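Novice: Shown below is the structure under consideration.
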Amino acid sequence: MSAGRLRAMALPAATVLVGCAGAAVVLAADPTSDAGFPLPPCPVKFLTGLDCPGCGVTRMIYSLLHGDVLAALHYNAAAMLFIPFFLWTWGAWVLGRWRGRRVTTWEQWRWSPHAALVLIAVWAVIRNLPFPPFESLYV
């Protein structure tokens, strides 16, 4: 393997290490209970009492690390749906660095940024609706 490729892979390797460290923090913190050390609250929820589109992601990740997919879906179903797209983007970035040229992903599709923003906005609204079945989405 050439020195240029090794240098190109340093940043992706660092993202894996940071991701593993973040997973370790989430596992140690146990955000689903008071057993671990406290993590900072969501500022939107703290200030408004409303769930933002990202509320519950830390608990979702904790649940996924424990293999509890149903609990993860409860904490943030929209983020669960975005995980394959995030992995696709990361994988394309790594492959692009390996090959030395950019790899096309869903982010370059003309409609994808708009669709993602609409989905996030809809999720932000429906998870805060105070009547069934939407009240069960509130975390």
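Taking mature numbering (1 follows the signal peptide of the UniProt record, and there is no 0), I'd label the letters of the sequence shown as residues -28 to -1, 1 to 111. Beta carbons: idealized from backbone N, C-alpha and C, even for Gly. Predicted, not measured: the structure shown is a model, and the values here were computed from it.
Would the stretch -19 to -7 count as touching the stretch 14 to 30 if we require 3 or more Cβ pairs under 8 Å?
Specialist: Verdict: no, contact absent.
Novice: From this set, Trp78, Thr77, Asp23, Val(-11), which residue's C-alpha is nearest Ile98's C-alpha?
Specialist: Walking along the sequence shown from the start, residue 98 turns up at place 126. Nearest C-alpha to Ile98: Asp23.
Novice: Let me check understanding here. Comparing Cα to Cα, which of Phe18, Leu67, Pro56, Pro3 lies closest to Ile33?
Specialist: For the purposes of this step, residue 33 is taken as the residue at position 61 of the sequence shown. Per the Cα distances, Pro3.
Novice: Looking at the unbroken alpha helix (DSSP H) that takes in Gly26, where does it start and where does it end?
Specialist: Residue numbering aside, residue 26 sits at position 54 when the sequence shown is read from its first letter. Note, Gly26: premise wrong, no alpha helix (DSSP H); not H, not E.
Novice: Can you tell me whether DSSP reads Phe18 as helix, strand or coil?
Specialist: Looking up residue 18 in the sequence shown gives position 46. Three-state result, Phe18: helix.
Novice: Should Leu(-2) and Leu37 be called a contact, given that it needs their Cβ atoms to be closer than 9 Å?
Specialist: Here residue -2 is taken as the residue at index 27 of the sequence shown, counted from 1. Here residue 37 is taken as the residue at index 65 of the sequence shown, counted from 1. Result yes, Cβ atoms of Leu(-2) and Leu37 sit closer than 9 Å.
Novice: Is Asn100 helix, strand or coil when you go by DSSP?
Specialist: Here residue 100 is taken as the residue at index 128 of the sequence shown, counted from 1. Residue state, collapsed to three classes: coil.
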